[in-house]
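Trainee: Chains A and B, in that order, give the protein sequences. In this text, residue positions in the first sequence follow numbering that gives the first Met the number 0: the first is 0, and each later residue adds one. In this text, residue positions in the second sequence follow numbering that gives the first Met the number 0: the first is 0, and each later residue adds one. The C-beta atom is built at its ideal place from N, Cα and C for all residues, glycine as well. Right, I'll just put the structure down here and ask away after.
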Amino acid sequence: MFIEIAEALAQLAKSGQFDLAIQIAQKVDDATMRSFAFSGIAKELIETKHIELINQFLNFAIKEAQKIKDALMRFLIIFNIIKELTVTGHIDLTNQFLNFAIKEAQKIEDAQRRWEAIFEIIKMLTQIGQFDLAIQIAQKIDNPLQHSLALSEIVKRLAKVGQFERAIAMIDRAILVAETIKVPITRLRAFAAIMAAKQEVEKRSKGSQEAK
Amino acid sequence: MRCWMFLLMALMVSLAGAQTLEKRIERAYHEAIKEAQKMKDTPYWYSLGLIDIAKVLAEAGQFDLANQTLRLAIKEVQKIDGPEWLSLEHRREIAIALAQVGEFDLAIQIAQKIEEVVNRSWALREIAKALVKAGQIDLAIQIAQKFDTPWYRL
């Protein structure tokens with residue numbers, strides 16, 4: 000039902016009836032639904048390229064999202080918007096809202112869900128070339144398996160953009176982290192992910208050299 | 000060429016000290032096997048442990064070691080006492096993992112012996128996917144046609 004309402008409101012906004020769309024969205028009792036409606040409108044508006052308008056609705060959505068009690072839900076709503084922004088190339092807006100998403104992800108109580116959220120953020124950061132921030136976030140991960148998985152993901156993306164030397168440095172760092180894992184199968188899992196990343200570096204660097 | 004050689008050498012030398020990543024994987028593998036062997040009295044759990052190890056090795060591209068571990072798992076699965084359904088998951092996962100390391104004949108053979116229809120189709124579907132990945136499209140199509148549950152063909 001959330002989606003249908005958001006779509007209906009987005010249609011209103013698209014047809015220029017922004018005030019009416021906002022009025023109706025504000026009448027919705029539930030904060031999650033309100034936030035979802037605003038983010039839905041923003042999402043629908045992405046194709047119109049009205050940056051100011053998209054920004055305005057995203058800000059409405061974030062304001063409403065902050066009223067949601069559940070951190071996971073808050074994160075999911077914001078992250079879905081950011082994903083759409085990234086795909087459509089709105090990097091400035093993505094950066095602006097990513098900080099909010101990072102803070103929200105860190106508030107998620109369930110450890111597994113928190114890790115999944117942070118991993119998604121790291122993947123997104125690397126997609127938009129924000130490697131420094133991605134590494135910074137990865138370094139804060141306490142769990143060594145998750146830490147090395149995050150670094151391995153960063154390595155793969157670094158290789159993809161041709162930053163081979165930095166990728167190699169990250170492999171070293173990931174190995175050191177993985178080496179601290181006591182449980183053998185878990186350590187093996189971490190090394191396997193690092194190996195897959197290393198193979199990606201080798202493949203890409205070879206490919207890049209051949210292309211030259 | 001020189002640049003690529005340099006990177007390759009950097010990759011080999013850099014790996015945090017003298018020990019290579021391959022060596023570290025091997026060491027972790029032996030330790031993991033040792034841990035799994037603690038469950039040797041219970042083939043159900045021991046074989047599950049072995050399958051898990053093999054899957055991780057396959058992910059790391061260590062196909063020989065993965066294959067070796069899977070063959071050990073097959074032996075252990077045969078020791079599981081009880082009805083067929085008790086080892087369904089094991090046999091399905093072994094078949095899938097064998098396909099991932101390129102052992103297609105054995106994978107198909109094990110999958111086809113699974114009596115239960117959903118798990119058999121599941122295994123065959125994953126084998127077909129691995130065959131496509133390996134460029135063996137004709138064989139993948141043949142396998143796909145053997146699915147008993149039509150939606151698995153999609």
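Considering Cα atoms alone, identify which of 159/A, 99/A, 179/A and 3/A is closest to residue 32/A.
Mentor: Numbered from its first residue, the first sequence carries residue 32/A at position 33. Of the listed residues, the one whose Cα sits closest to residue 32/A is 3/A.
Trainee: So, residue 166/A versus residue 157/A, is the Cβ gap smaller than 8 Å?
Mentor: Against the first sequence, residue 166/A aligns to sequence position 167. Against the first sequence, residue 157/A aligns to sequence position 158. Cβ distance < 8 Å, so residue 166/A and residue 157/A count as in contact.
Trainee: Using a C-beta to C-beta distance shorter than 9 Å, which residues of chain A count as neighbours of residue 20/B?
Mentor: Numbered from its first residue, the second sequence carries residue 20/B at position 21. Within chain A, the residues near residue 20/B are 170, 174, 190, 193, 194 and 197.
Trainee: So, with DSSP's three-state summary, where would you put residue 205/A?
Mentor: For the purposes of this step, residue 205/A is taken as the residue at position 206 of the first sequence. Three-state DSSP puts residue 205/A in a helix.
Trainee: Since residue 123/B and residue 133/B are thought to touch, with beta carbons under 8 Å apart, how far apart are those beta carbons, to the nearest angstrom?
Mentor: Position 124 of the second sequence, counted from the first residue, corresponds to residue 123/B. Position 134 of the second sequence, counted from the first residue, corresponds to residue 133/B. About 15 Å; that fails the 8 Å criterion.
Trainee: Alpha carbons only, please: which of 33/B, 18/B and 83/B is nearest the one belonging to residue 116/B?
Mentor: Mapped onto the second sequence, residue 116/B falls at position 117. Considering only alpha carbons, the answer is 83/B.
Trainee: Looking at the structure shown, is residue 106/A part of a helix, part of a strand, or coil, going by DSSP?
Mentor: For the purposes of this step, residue 106/A is taken as the residue at position 107 of the first sequence. Reduced to three states, the DSSP call for residue 106/A is helix.
Trainee: Give the single residue among 170/A, 184/A, 161/A and 173/A whose Cα lies nearest to the Cα of residue 203/A.
Mentor: Here residue 203/A is taken as the residue at index 204 of the first sequence, counted from 1. The shortest C-alpha separation from residue 203/A is found at 161/A.
Trainee: Relative to chain A, which residues along the stretch 25–37 of chain B have a C-beta separation below 9 Å, given in chain order?
Mentor: Within the stretch 25–37 of chain B, the residues whose Cβ lies closer than 9 Å to some Cβ of chain A are 26, 27, 28, 29, 30, 31, 32, 33, 34 and 35, listed in chain order.
Trainee: For a contact meaning CB atoms closer than 8 Å, what does residue 52/B contact in chain A?
Mentor: As a working mapping, residue 52/B is identified with position 53 in the second sequence. Going along chain A in sequence order, the residues near residue 52/B (Cβ under 8 Å) are 184 and 187.
Trainee: Distance check for residue 20/B and residue 71/A, CA to CA, integer angstroms please.
Mentor: One-based indexing of the first sequence puts residue 71/A at position 72. One-based indexing of the second sequence puts residue 20/B at position 21. Rounded to the nearest angstrom, the two C-alpha atoms are 36 Å apart.
Trainee: By the three-class DSSP mapping on this structure, what secondary structure does residue 30/B have?
Mentor: For the purposes of this step, residue 30/B is taken as residue 31 along the second sequence, with counting starting at 1. Residue 30/B falls in the helix class under three-state DSSP.
Trainee: Tell me which same chain residues have a C-beta within less than 8 Å of the C-beta of residue 127/A, skipping the five on either side of it?
Mentor: Here residue 127/A is taken as the residue at index 128 of the first sequence, counted from 1. Counting only Cβ-Cβ distances below 8 Å, and skipping sequence neighbours, we find 85, 90, 93 and 94.
Trainee: To the nearest angstrom, report how far apart residue 55/A and residue 29/A are at their CA atoms.
Mentor: What you label residue 55/A is simply residue 56 of the first sequence in a count that begins at 1. What you label residue 29/A is simply residue 30 of the first sequence in a count that begins at 1. Taking the straight line from one Cα to the other gives about 20 Å.
Trainee: What alpha helix (DSSP H) runs, 4 residues minimum, are completely inside the stretch 68–114 of chain B?
Mentor: Runs found: 87–99 and 103–111.
Trainee: Helix, strand or coil: which one does DSSP assign to residue 27/A?
Mentor: Numbered from its first residue, the first sequence carries residue 27/A at position 28. In the structure shown, residue 27/A sits in coil (DSSP, three-state: anything other than H, G, I, E or B).
Trainee: Is any beta-carbon of chain B found at less than 8 Å from that of residue 160/A?
Mentor: By 1-based counting over the first sequence, the position of residue 160/A is 161. With 8 Å as the cut-off, residue 160/A does not count as an interface residue toward chain B.
Trainee: Taking only three categories from DSSP, how would you classify residue 18/B?
Mentor: The sequence position of residue 18/B within the second sequence is 19, counting from 1. Looking at residue 18/B - three-state DSSP - the assignment turns out to be coil, as it is neither helix nor strand.
Trainee: Could you tell me the distance, in whole angstroms, from the CA atom of residue 100/A to the CA atom of residue 139/A?
Mentor: Along the first sequence, one-based indexing puts residue 100/A at 101. Along the first sequence, one-based indexing puts residue 139/A at 140. Approximately 16 Å, taken between the alpha carbons.
Trainee: Taking 8 Å as the CB-CB limit, is residue 75/B close to chain A?
Mentor: Here residue 75/B refers to the residue found at position 76 when the second sequence is read from its first residue. False, the Cβ-Cβ gap to chain A never drops below 8 Å.
Trainee: What do you reckon, are the CB atoms on residue 65/B and residue 46/B nearer than 8 Å?
Mentor: Within the second sequence, residue 65/B is the residue found at index 66, counting from 1. Within the second sequence, residue 46/B is the residue found at index 47, counting from 1. No, the pair does not count as a contact, with Cβ atoms beyond the cut-off.
Trainee: Would you give the residue range spanned by the alpha helix (DSSP H) that residue 85/A belongs to?
Mentor: What you label residue 85/A is simply residue 86 of the first sequence in a count that begins at 1. Element bounds for residue 85/A: 70–86.
Trainee: So is residue 182/A buried or exposed if we call it buried at 16+ other beta carbons inside 10 Å?
Mentor: To locate residue 182/A, count along the first sequence from 1; it is residue 183. The residue in question, residue 182/A, is exposed, as its Cβ has fewer than 16 Cβ neighbours within 10 Å.
Trainee: So the candidates are 210/A, 16/A, 83/A and 115/A; which of them puts its Cα closest to the Cα of residue 48/A?
Mentor: In the first sequence, the residue the question calls residue 48/A occupies position 49. Per the Cα distances, 83/A.
Trainee: Could you give the distance in angstroms between the alpha-carbon of residue 16/B and the alpha-carbon of residue 25/A?
Mentor: Your numbering for residue 16/B matches position 17 in the second sequence. Your numbering for residue 25/A matches position 26 in the first sequence. Low confidence applies here, because residue 16/B scores a pLDDT of 49, under 50, leaving its location unreliable and the question unanswered by this model.
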